[in-house]
Structure formats: C-alpha cells, structure tokens
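Residue numbers for the sequence shown follow full-length UniProt numbering, so the first one is 36 and each next one is one higher.
Beta carbons: idealized from backbone N, C-alpha and C, even for Gly.
The model shown is predicted, which means the values in this text are computed figures rather than measured ones.
Contents: one structure, followed by commentary.
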Amino acid sequence: RVSIPIRAGSYTDELVQTAKIIASPGRGILAIDESNATAGKRLASIGLDNTEANRQAYRQLLLTTPGLGEYISGSILFEETLYQSTTDGKKFVDCMREENIVPGIKVDKGLVPLPGSNNESWCQGLDGLASRSAEYYKQGARFAKWRTVVSIPCGPSALAVKEAAWGLARYAAISQDNGLVPIVEPEILLDGDHPIERTLEVAEKVWAEVFYYLAENNVFFEGILLKPSMVTPGAEHKQKASPETIAKYTLTVLKRRVPPAVPGIMFLSGGQSEVEATLNLNAMNQTPNPWHVSFSYARALQNTVLKTWQGRPENFEAAQKALLVRAKANSLAQLGRYSADGESEEANKGMFVKDYSY
Ligand code: 5MM
Numbered sequence: 036r037v038s039i040p041i042r043a044g045s046y047t048d049e050l051v052q053t054a055k056i057i058a059s060p061g062r063g064i065l066a067i068d069e070s071n072a073t074a075g076k077r078l079a080s081i082g083l084d085n086t087e088a089n090r091q092a093y094r095q096l097l098l099t100t101p102g103l104g105e106y107i108s109g110s111i112l113f114e115e116t117l118y119q120s121t122t123d124g125k126k127f128v129d130c131m132r133e134e135n136i137v138p139g140i141k142v143d144k145g146l147v148p149l150p151g152s153n154n155e156s157w158c159q160g161l162d163g164l165a166s167r168s169a170e171y172y173k174q175g176a177r178f179a180k181w182r183t184v185v186s187i188p189c190g191p192s193a194l195a196v197k198e199a200a201w202g203l204a205r206y207a208a209i210s211q212d213n214g215l216v217p218i219v220e221p222e223i224l225l226d227g228d229h230p231i232e233r234t235l236e237v238a239e240k241v242w243a244e245v246f247y248y249l250a251e252n253n254v255f256f257e258g259i260l261l262k263p264s265m266v267t268p269g270a271e272h273k274q275k276a277s278p279e280t281i282a283k284y285t286l287t288v289l290k291r292r293v294p295p296a297v298p299g300i301m302f303l304s305g306g307q308s309e310v311e312a313t314l315n316l317n318a319m320n321q322t323p324n325p326w327h328v329s330f331s332y333a334r335a336l337q338n339t340v341l342k343t344w345q346g347r348p349e350n351f352e353a354a355q356k357a358l359l360v361r362a363k364a365n366s367l368a369q370l371g372r373y374s375a376d377g378e379s380e381e382a383n384k385g386m387f388v389k390d391y392s393y
C-alpha cells in the first residue's frame, strides 16, 4: 500500500471511494444546487412563483427520473433539498441512493463584493463549515461544492485570485475532515471580449494558486474533484472557437496545472448552450486524459427540462424524458462518442448571462 504523505483525516479510504463512484465511466454530475434566489429566476422563466412547494416539485421531477443513475453519478443539492422528500414521503437522498447517485451539497454561502479589489467578489461560508459539513454527512451527503468566481474584465486582481484560491483550499480541507469529497470550483466567468489566449493565461494563474494553497492546507488530492470552466474566448469576443480548439486550450491548462492524482474533472457549462457544452466535452474525450473528464452541468442539463415541464403535471414525464436525453448525450460525450445530429433548436440556445456572480 502506498503511504499517504499528507493528512486526510480518518476518512481517507472513503473519500477515494466516493470520488471513484462519482468519476465513473459514462457518468457525471447533475448540478441542481441553485440557491433560492437563483431557483426563483429559473421558475420565473416558466411563470412559476418561487415557493418551497414549487422548488420541491421541480427537484422531485429531476431526482425521481427513472434510469437517471445510468448517466448521473452524483447530484449537488441546495440545503433545502437535502432535507426534502417526495410528495409520497420518500427522502430525496433515498431516491438517489436507489439509482446509485451520490448526494452532494452546496456549502458555500454565496458571493459578496471584495473590498479593495477591482469590483470583484469573494465567496463566504467558512464560519461554522465544519459543523454544517458533519450535519450534511449525517443527512447522507458524501460530497460538497463551493463555487467562487474570477472575472477577467475586472482584472483579475492578485487579491481576488488569492482570496478565491485560499477560500477553496480551506473549504476543501474542512470538507475532507468531515468525510465529504470537495468539488473545487473557481469559475472563470465568460464575460469579456478577450481572445482565448487571455483565458488560458488567467486559468493557468488561477489553477497554480489553487493547487499551491490546496497543498499548503494538506488537502488529499486523491479525494477531491475539480469543477473548472472550459477555456473559451470571452463571450463578447468577435470570433467563436470550435470544440476542438476549446478542448485543446482547456486540456493544455489542466495538463500544466493539475496533478494526475486528482481523480476527476467535472466541467461547469457556464452559459453555453446544451449542445455546445456537450460537444466541447466530447472533444475533450477524443484522446485519453490522465483524469476522468466529465460534466457537472446545471443549465446545460436543465434548460430543455424546464421548458418542457412549464410547471404542468401533464408534462412531468416528457420533462423527465428531456432530462434523460441530455444526461445520455453528456454520458456519450464523457466516452467521446457523442454526435449532435438531431438535437433540438432549444438545445442549441445559449444561456450566457452577463456577470453571473450572484
Ligand atoms: C446550480 O447553480 C449553482 C449554484 O448557483 P448560485 O449560487 O448562483 O445559486 C452553480 O454553482 C452551478 O453549479 C455552477 O455554476 C455550474 O452551473 P452551470 O449552469 O454553469 O453548468
């Protein structure tokens, strides 16, 4: 047995095991951890009020989709959802376990302005994180997520990058101490008119700092997962990049900065259309990678589901089918076998929102 030179607390084996299940072939993460404010925006887009009952109904639709576990290995929940049940009284976490889907939990407390920076933000949530994490573990969560953002047009300033990296590293150490595999998510926002080379440069800087502080905090690399944004030109750049170019630049950054001890890279979709996000992931899996390269999409898995559902009971099954279509497409992309032939017009619509830092 290889000795472990760094601290991983008493959960070492379990963390490795959890990360392996999540990073299993042909599967990825369904991110449904929208905070209540963000969930309200999604519900408003189909004319529904932001009530607990509507949030529960929507999450029930997603989490009770028959056969979902074939393509989805984990799902990130907002705290409210972790404690909720179906209308028949079955806990959501039990529905997930039956499909071999690992329950995850968003543990950050969201973004606030970072004083002293160039209009940038930082992520809150370290206070009380150890006790909250222990409680989430008892409720059935086995992995955690902390999303912070970095803005290219705002700099990024050295202060903002350092703060983002340090916060992620402290969170990761605390999560591992409490048996949760931390997903490390420094989202580099798509905003800006810069070329892809500039995104590459910023991503290299961000990941260098993140790994520096992860190591300084004795985080156990075999027991983490990453959630990077793909390396693309800024959303307002004059030229779009092909999936092959995005894959080339993204993998270049990762190969330069991420040790192969990390088991899985689970990309966010960041406002790309459903089809774009799937094509880009597929391009990344055309050649073998040192890690499992997969998805942890929110918008790129949910957009057509929401549009199909419209909050109407008669559309419930059709919406679940729409989720399976997206989940299967991304499963194929994880295996490098996806083709966009026959994709709907809705799935091709971009979802970019300027300054997505709330
Ligand atoms: C599901 O949204 C997550 C929580 O966002 P808020 O704190 O803004 O409510 C978010 O972290 C999400 O998991 C990632 O941004 C990835 O989502 P996309 O839509 O970029 O794939």
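Name the DSSP bridge partner or partners of residue i?
i: Val184; result: Glu222
i: Leu65; result: Ser110 and Tyr332
i: Lys141; result: Lys180
i: Pro323; result: The partner list for Pro323 (beta bridge, DSSP) is empty, contrary to what the question assumes.
i: Leu260; result: Ile218 and Gly299
i: Ser168; result: BP columns for Ser168 are empty, so no partner.
i: residue 6; result: Nothing about residue 6 can be reported from this structure: the residues present for the chain run from 36 to 393 only.
With hydrogens ignored, establish whether the beta-carbon of residue i is closer than 6 angstroms to any heavy atom of the ligand 5MM.
i: Ala333; result: yes
i: Glu305; result: Here residue 305 turns out to be Gly, not Glu, going by the sequence shown. Yes, the beta carbon of Gly305 sits closer than 6 angstroms to at least one heavy atom of the ligand 5MM.
i: Ala66; result: yes
i: Ser70; result: yes
i: Arg182; result: yes
i: Thr234; result: no
i: Thr73; result: yes
Which residue marks the beginning of the alpha helix (DSSP H) containing residue i, and which one marks its end?
i: Val297; result: Careful: Val297 lies outside any alpha helix (DSSP H) and carries neither H nor E.
i: Phe330; result: Per DSSP, Phe330 belongs to no alpha helix (DSSP H); it is in the beta strand (DSSP E), His327 to Tyr332.
i: Leu249; result: Ile231 to Glu251
i: Leu98; result: Glu87 to Leu98
i: Leu161; result: Segment: none, Leu161 is in no alpha helix (DSSP H) and carries neither H nor E.
i: Leu146; result: Segment Leu146 to Pro148 is the beta strand (DSSP E) holding Leu146; no alpha helix (DSSP H) there.
i: Asp129; result: Phe127 to Glu133
i: Lys55; result: Thr47 to Ile57
i: Arg205; result: Ala193 to Asp212
i: Lys76; result: Asn71 to Ala79
i: Phe255; result: Per DSSP, Phe255 belongs to no alpha helix (DSSP H) and is neither H nor E.
i: Arg361; result: Phe351 to Gln369
I believe residue i touches residue j by the beta-carbon criterion, under 8 angstroms. Please report the beta-carbon distance rounded to the nearest angstrom.
i: Val142; j: Gln159; result: Going by Cβ atoms, the distance from Val142 to Gln159 rounds to 11 angstroms, so no, they are not a contact pair.
i: Glu69; j: Ala353; result: With a Cβ gap of about 22 angstroms, Glu69 and Ala353 do not count as contacting.
i: Ser308; j: Gly377; result: The Cβ separation is near 15 angstroms, so there is no contact.
i: Lys262; j: Met301; result: 5 angstroms
i: Ser71; j: Leu78; result: Sequence check: residue 71 is Asn here, not Ser. That belief does not hold up - the Cβ atoms of Asn71 and Leu78 are roughly 10 angstroms apart, past 8 angstroms.
i: Ala179; j: Asn253; result: Rounded, the Cβ-Cβ distance is 17 angstroms, inconsistent with contact.
i: Leu96; j: Trp344; result: 6 angstroms
i: Ala54; j: Val216; result: 5 angstroms
Tell me the residue span of the beta strand (DSSP E) that contains residue i.
i: Val266; result: Looking at the DSSP string, Val266 is not in any beta strand (DSSP E), and its letter there is neither H nor E.
Of all Cβ atoms in chain B, is any one closer than 7 angstroms to the Cβ of residue i?
i: Asp228; result: Structure shown: chain B not included; a single protein chain is present.
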